[in-house]
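A.B. asks:
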Amino acid sequence: MRLATAEPSARAGRKPVLITGGAGFVGSNLADRLLRKGRRVRIVDSLARPGSEANLRWLLAQHRSRLQVDVADVRDGARLRAALADVGTVFHLAAQVAVTTSLENPEDDFTINARGTLDLLEALRERG
-16 MRLATAEPSA RAGRKPVLIT GGAGFVGSNL ADRLLRKGRR VRIVDSLARP
34 GSEANLRWLL AQHRSRLQVD VADVRDGARL RAALADVGTV FHLAAQVAVT
84 TSLENPEDDF TINARGTLDL LEALRERG
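Residue numbers (this note's numbering): -16 to 111.
The structure is reproduced here in structure tokens:
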């Protein structure tokens, strides 16, 4: 597994792209761009943020045939590993971004942002 670069290899270009947090503002726009270029995209998103369901409906309305969605939390290691099964490129955008939520529940904020990232990196390392 290689980290995403400006010029993905030809082999990686044939495999699906995984976007964690793909239903958020940045993730959904990245997914749209990749799908318009003919790529297959797999999104893992918990749909916890307001607006994420609308973003997902927008993507599905335009790109249903090349878009796969797994509504899952980035901290769910089994679902994350399954989503990584055959992807060539990973964009990790899943995060808890609301400052007010962070102040109310810093431990949850930490587990989503730090632990979720570590779990993804470990899953990628295990995959090779």
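Even for Gly, the Cβ is constructed at its ideal location relative to N, Cα and C.
1. What does the alpha-carbon distance come out to for the pair residue 36 and residue 111?
2. By alpha-carbon positions, which one of 107, 82, 48 ends up nearest to residue 73?
3. For a quick check, are the C-beta atoms of residue 10 and residue 77 less than 9 Å apart?
4. Going by DSSP, what residues sit across from residue 113 in a beta bridge?
5. Determine the contact status of residue 70 and residue 18, defining contact as a CB-CB distance below 9 Å.
6. Rounded to a whole number of angstroms, what is the C-alpha to C-alpha distance between residue 87 and residue 7?
7. Could you tell me whether the stretch 44 to 55 touches the stretch 19 to 33, using the rule of 3 or more Cβ pairs below 8 Å?
8. Could you have a look at residue 35 and say whether DSSP puts it in helix, strand or coil?
C.D. replies: So, from the data block:
1. 33 Å
2. 107
3. Less than 9 Å separates the beta-carbon of residue 10 from that of residue 77.
4. There is no way to answer for residue 113, as the model of the chain reaches only from -16 to 111.
5. no
6. A direct Cα-to-Cα measurement between residue 87 and residue 7 gives close to 21 Å.
7. yes
8. helix
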